[in-house]
Each structure stands twice: as C-alpha cells, then as structure tokens.
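Residues in the first sequence are numbered from 9 upward in steps of one, following our numbering.
Just so it is clear, CB atoms sit at the ideal spot from N, CA and C, and this is done for glycine as well.
Small disclaimer: the values here were computed from a predicted structure and weren't measured.
Only one structure is covered here, and it is reproduced in the block below.
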Amino acid sequence: MINLPRGTQDLLPEQTQKWQYVEEQFKALCHTYNYKEIRTPIFEHTELFQRGVGDTTDIVQKEMYTFKDRGDRSLTLRPEGTASVVRAFVQHKMFGNPTQPTKLFYIGPMFRYERPQQGRMRQFVQFGVEALGSADPAIDAEVMALAMNLYQTLGLKSLKLVVNSLGDNESRANHREALVNHFEPHAHELCSDCQLRLQKNPLRILDCKKDKDHPSMKTAPSILDHLNNYSKTYFEQVKAYLDQMGIEYVVDQNLVRGLDYYNHTAFEIMSNAEGFGSITTLSGGGRFNGLVEDLGGPETPGIGFALSVERLLMALEAESVILPIDEALDCYFVALGEKAEKKAVELVYTLRNAGIQVDKDYQGKKFKAQFKAADRLKAKYVVILGDEELENNVVNVKEMSTGKQEQVKIDEIDSTLKRFVQGGIS
RNA sequence: GCGGUCGUGGCGAAGUGGUUAACGCACCGGAUUGUGGUUCCGGCAUACGUGGGUUCGAUCCCCACCGGUCGCCCCA
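This is how it looks when you write it as structure tokens:
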C-alpha cells in the first residue's frame with residue numbers, strides 16, 4: 009500500500025463539506041470588501057522567493073520545497089502567497105489598471121518542508137488578500153477588519169488582534185543601529201541563533217524564545233521609539249481607524265514577522281481557545297511597501313494578510329462551533345421487485361432532471377435495508393415503488409420526519425416531489 | 001534538523017516467548033416475504049508498520065528503518 013507523503017493530508021467528504029463552507033464564507037466576504045480572486049501557479053522560479061521573501065528568513069533557508077525540472081531550472085513550491093501575487097501584479101502591469109488600489113484575494117495550497125505537527129503541515133492551505141497601490145492607513149485597517157470579520161462571521165470568540173509598526177526604512181535603520189549597540193555587549197550571553205541574528209537581522213532577536221528572559225531583552229530599544237514622524241503618524245492613524253470601527257487590538261512592540269518584506273503595519277490574529285495546542289497564530293500580515301519595486305515594478309505600496317485554513321478549522325473545533333452544513337438528502341428511492349427496480353432507474357433520472365437530490369440502492373438490498381439506508385442518509389422523503397404501485401401508475405411518498413405518506417401519480421412525480429421538498433408534504 | 005511517545009481487522013481497543021489473537025463499534029442477514037428505532041439471534045474480515053537479529057519457537061525481547069502524534073526551532 010502506498011500512503012500519502014509526509015505532512016500532507018487527504019480531505020474526505022466529511023471534511024470537505026467544512027472546507028467548502030469556510031471557502032464560501034471567505035469568498036463572500038471578499039466580495040463585500042470588493043477583493044477579486046487571483047490564481048497563480050503553485051510553483052515559481054526559486055529566485056522569486058529568495059528575493060521576495062528574503063534570503064535570511066527561515067522559510068528560504070530551510071523550509072522551501074525546491075527542485076530542478078527537466079530543463080535544469082530551479083523551481084520552488086510556493087511557501088506563501090504574497091511573492092507570487094506581486095510577481096503577477098508586476099508581470100501583468102496591473103499597476104496600470106484604471107482602478108487602484110488593486111485588491112486581490114487568493115485561496116490555495118502552500119508548501120513548507122517542516123516536521124509536521126499540530127497545525128503545521130508540509131502542504132497547507134491559505135486564504136489571503138493583498139491590496140496594492142495605496143499607502144492610506146485606512147486600507148491597513150480594512151485588511152485587518154476583513155480578517156477579523158471572517159473569524160467572527162464563522163463564530164469564533166477567543167480572538168486577539170496584535171498590531172505593531174516596523175516603521176519605514178529610515179526608522180528601521182535607526183532601530184537596527186540601536187539594537188546592535190544594545191545587544192553587542194551581551195552578544196556572548198545570547199543563544200547562537202541570536203548571535204547570527206545580530207549580524208543579519210537584529211530585529212528578530214526580539215522574538216527569540218530562548219533569550220526572552222535575558223535582562224537585555226527588557227531594556228531593548230523599542231521600534232516604536234525609533235519611528236520617524238511619518239511612520240509614527242501612520243501607525244497612529246491605523247490604530248485610530250481600528251478604534252473607529254470598534255475593533256479591539258493590543259499593541260505588541262515585540263511582534264516581528266518572519267518575512268523580510270514587511271514594514272510599517274504588522275499584525276497577527278491569535279486564538280486564546282482552550283485545547284488549541286502550542287499553536288496560537290491563526291493569521292498574520294502586514295505592509296510591504298518596496299516589495300513591488302524589489303520585484304521589478306514601479307514604486308507601489310502594498311498590504312495583505314494570510315490565514316491558515318487548517319488552523320481556522322482547528323479553532324472552530326476548539327470552540328465547538330457547529331457549522332451550518334446541511335447533510336440531509338432530499339429523497340431516497342426505494343424499489344421492490346424486478347420490474348419496479350428497472351422503473352426506478354428511470355424515475356430517479358426524472359427527479360434529478362427536476363433538480364431534486366435523489367439517491368437509490370445499488371447493493372441489492374432488501375426492502376427494509378433500503379429504508380435503513382434512507383434513514384442513515386437522513387433522507388427527507390422516501391419514494392416507494394412496488395408491484396402494486398407500478399400497476400396503478402403511482403408511487404408512495406413518505407415524509408420521514410412525520411411518517412406521513414401520500415400516493416402520487418407517476419406522471420406528476422417530479423412536480424409533486426419538488427413541492428414537498430420545498431414546503432412539506434401538506 | 002532535535003527530543004518524547006506510539007504503531008494489533010474499516011474504526012476503537014485488550015493481550016501473550018508456545019495449539020483457533022479477546023472484546024466493542026461498524027457492516028450484512030434473520031426474528032418481522034412491502035416501511036426507519038430498540039431488542040434478540042446469527043454472520044463478517046488478507047489484523048500484530050517494514051526489515052534484520054536473539055530463540056527450538058517472536059505480535060511480545062533487541063537493533064535499524066518507515067510512519068503517526070506531541071513538543072522544540074520557526075511560522076500560517
């Protein structure tokens with residue numbers, strides 16, 4: 009027997025119904041916020057992620073699914089969505105479209121080569137949105153609102169929106185210098201990872217879990233104290249919009265996102281729900297002014313976020329949210345006897361052509377067993393056809409919830425059953 | 001990449017160095033030759049992750065590998 013590859017999963021019908029439901033909700037929400045769907049390939053040139061996501065990131069350094077194709081090109085299964093969306097934005101010159109900002113959403117699998125565990129698969133699915141072409145703080149707030157809106161619409165309660173500002177280039181450079189000056193004297197006391205980070209990306213020392221209790225952490229320079237006027241005002245405005253919309257959040261100056269392209273607004277949505285395991289992050293996002301330029305486009309600001317569908321469903325599970333999924337079958341067709349069974353095939357076809365959801369037995373089950381099957385499938389109606397009915401050109405239709413039964417002429421079977429399904433048997 | 005833990009029929013789950021490896025659920029049939037549930041009776045299955053080793057004999061003991069799961073790192 010061949011099993012599925014490590015870190016992947018099969019979604020069986022019981023699961024796919026939930027997936028379809030949350031996808032529909034997400035799409036509907038994107039529609040109300042006026043984001044349009046974009047579909048990009050699931051693999052790209054490796055270079056896109058090296059340049060887009062950043063060479064120093066864990067994603068690029070140790071988590072990419074990279075392979076050579078037959079033409080000796082280095083390709084990579086996408087580890088995240090933003091780089092591809094920006095690539096497409098640049099490639100198709102969407103910056104020239106009459107309506108800006110360009111508001112896009114995507115749904116699809118992402119791949120990271122990691123040891124699988126709760127809420128972390130090698131193939132996982134993200135919903136994401138990107139708004140390109142606006143540096144209005146209101147759109148930062150809009151993106152966060154959309155994200156929170158989805159979770160709340162689905163019924164989640166234990167949510168925490170965490171925001172921070174990473175500032176613009178100037179602010180970051182100042183902060184970086186302050187960080188290096190601050191940590192340099194303690195470098196030998198920090199973990200080996202942090203010693204490397206000090207060289208490459210000192211910002212990330214701030215969210216190191218090993219060194220979080222080191223005394224130098226408490227006194228570390230905060231990015232918020234190094235924001236220049238523009239960055240500072242920008243962040244204030246983003247928060248003001250959130251306040252105005254009544255969206256609760258907390259500011260965490262140590263919130264540092266793992267991808268290089270972020271600046272200004274950075275945010276994460278976490279779940280506090282019991283039994284959610286060690287994973288708490290449901291989604292993350294932020295502003296990426298400069299990325300479009302890095303990937304060969306004109307100077308274009310952008311912001312977006314992505315959420316994991318697996319974690320979304322875990323959170324729903326953890327909070328015991330029941331999704332409104334209708335599992336009931338409209339109609340089950342029970343036939344008895346050779347002639348009736350033949351006729352049943354025709355009548356089932358007739359009913360289906362009328363748009364009624366109907367199924368029948370294909371296992372040669374006895375009459376009683378067919379009823380059991382109908383019950384198990386939660387059939388609303390059972391149509392019964394035996395020799396007696398056949399002779400009189402009728403069927404018996406039974407409403408399973410009430411036990412009411414009515415005789416229906418075969419000629420009128422489709423219209424009558426349609427009426428029953430919509431409004432009950434009488 | 002590192003560490004803990006686990007691996008017995010479709011699912012859940014006992015168990016033992018030695019003739020036919022419990023049980024429960026599910027499924028099928030009957031009691032009830034055309035009406036769902038319950039009950040009772042009967043039936044059912046290529047099951048000890050893979051490969052080595054120890055042994056007269058291994059599902060059990062040892063080793064390796066594979067896989068699941070949880071945690072670390074990091075993230076969605």
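Is the beta carbon of residue j closer than 7 Å to that of residue i?
i	j	result
Gly-312	Leu-344	no
Phe-458	Thr-90	Here the chain comprises residues numbered 9 to 434, so residue 458 is not present and cannot be evaluated.
Val-405	Val-416	yes
Lys-226	Cys-199	no
Tyr-242	Leu-250	no
Arg-86	Glu-52	yes
Leu-154	Tyr-41	yes
Arg-319	Gly-294	no
Gly-175	Ser-239	yes
Ser-166	Ser-328	no
Leu-140	Phe-97	yes
Ala-387	Leu-331	no
Leu-206	Ala-195	yes
Ile-392	Val-342	yes
Phe-119	Tyr-73	yes
Val-94	Val-300	yes
Glu-138	Leu-112	yes
Gly-71	Tyr-121	Here residue 71 is Glu; the residue named in the question, Gly, does not match the sequence. Result yes, Cβ atoms of Glu-71 and Tyr-121 sit closer than 7 Å.
Leu-398	Ala-348	yes
With residue i as the anchor, note down where its alpha helix (DSSP H) starts and where it stops.
i	result
Pro-21	21 to 40
Ile-277	Run containing Ile-277: none in the alpha helix (DSSP H); it sits in the beta strand (DSSP E), 271 to 279.
Ser-423	421 to 431
Arg-59	54 to 60
Gln-415	No alpha helix (DSSP H) holds Gln-415; the beta strand (DSSP E) holding it covers 413 to 417.
Glu-256	Segment: none, Glu-256 is in no alpha helix (DSSP H) and carries neither H nor E.
Leu-359	346 to 361
Arg-384	375 to 384
Leu-290	Leu-290 -> not in any alpha helix (DSSP H); beta strand (DSSP E) instead, spanning 289 to 295.
Glu-301	299 to 302
Which word fits residue i, buried or exposed, when buried means at least 16 other C-beta atoms lie within 10 angstroms of its C-beta?
i	result
Tyr-357	exposed
Gln-148	The amino acid at residue 148 is misidentified as Gln; the sequence shows Asp. By the neighbour-count rule (16 or more Cβ atoms within 10 Å), Asp-148 is buried.
Asp-446	For residue 446 there is no data in the structure shown, the boundaries of the chain being 9 and 434.
Gly-136	buried
Glu-45	exposed
Ile-115	buried
Asn-172	buried
Pro-145	buried
Val-151	buried
Thr-308	buried
Gln-378	buried
Asn-271	buried
Lys-306	According to the sequence as given, residue 306 is Pro; it is not Lys. Under this definition Pro-306 is an exposed residue.
Thr-110	buried
For residue i, report the span of its beta strand (DSSP E) as first-last.
i	result
Val-438	This structure gives no information on residue 438, because the portion of the chain shown stretches from 9 to 434.
Val-403	402 to 407
Val-391	387 to 393
Val-342	337 to 343
Ala-314	310 to 316
Lys-368	366 to 368
Gln-131	131 to 140
Among residues of its own chain, excluding the 5 on either side of residue i, which ones have a beta-carbon nearer than 7 Å to its beta-carbon?
i	result
Asn-209	Thr-64
Pro-229	His-183, Ala-186, Leu-187, His-190
Thr-424	Val-416
Asn-157	Leu-37
Arg-14	Pro-124, Arg-130
Ala-362	Asp-422, Lys-426
Val-402	Gln-415, Val-416, Lys-417, Ile-418
Glu-282	Ala-326
Gln-203	Ala-195
Might you give, ordered along the chain, the residues of its own chain that have their beta carbon closer than 8 Å to the beta carbon of residue i, omitting 5 neighbours on each side?
i	result
Gln-17	Met-129, Gln-131
Leu-355	Phe-341, Val-391, Leu-393, Val-403, Ile-418, Ile-421
Asn-262	Asn-172, Leu-214, Asp-215
Arg-81	His-53
Spatial neighbours of residue i within its chain, please: C-beta separation below 6 Å, excluding the five flanking residues on both sides.
i	result
Val-133	Pro-117, Val-317
Glu-276	Val-170, Thr-289, Gly-292
Gln-25	Ile-333
Glu-178	Asn-236
Thr-48	Ser-92, Ala-96
Gln-245	Pro-145
**Asked** Whole beta strand (DSSP E) runs in the stretch 62 to 112 with 3 or more residues, listed along the chain?
**Response** Correct list: 73 to 76, 82 to 85.
**Prompt:** What are the complete alpha helix (DSSP H) segments, minimum 4 residues, inside the stretch 211 to 250?
**Reply:** Taken in chain order, the complete alpha helix (DSSP H) segments of 4 or more residues contained in the stretch 211 to 250 are 223 to 226.
**Message:** Please give the ranges of any beta strand (DSSP E) in the stretch 153 to 208, keeping only runs that are unbroken, at least 3 residues long and fully inside the region.
**Reply:** Runs of the beta strand (DSSP E) inside the stretch 153 to 208: 167 to 173.
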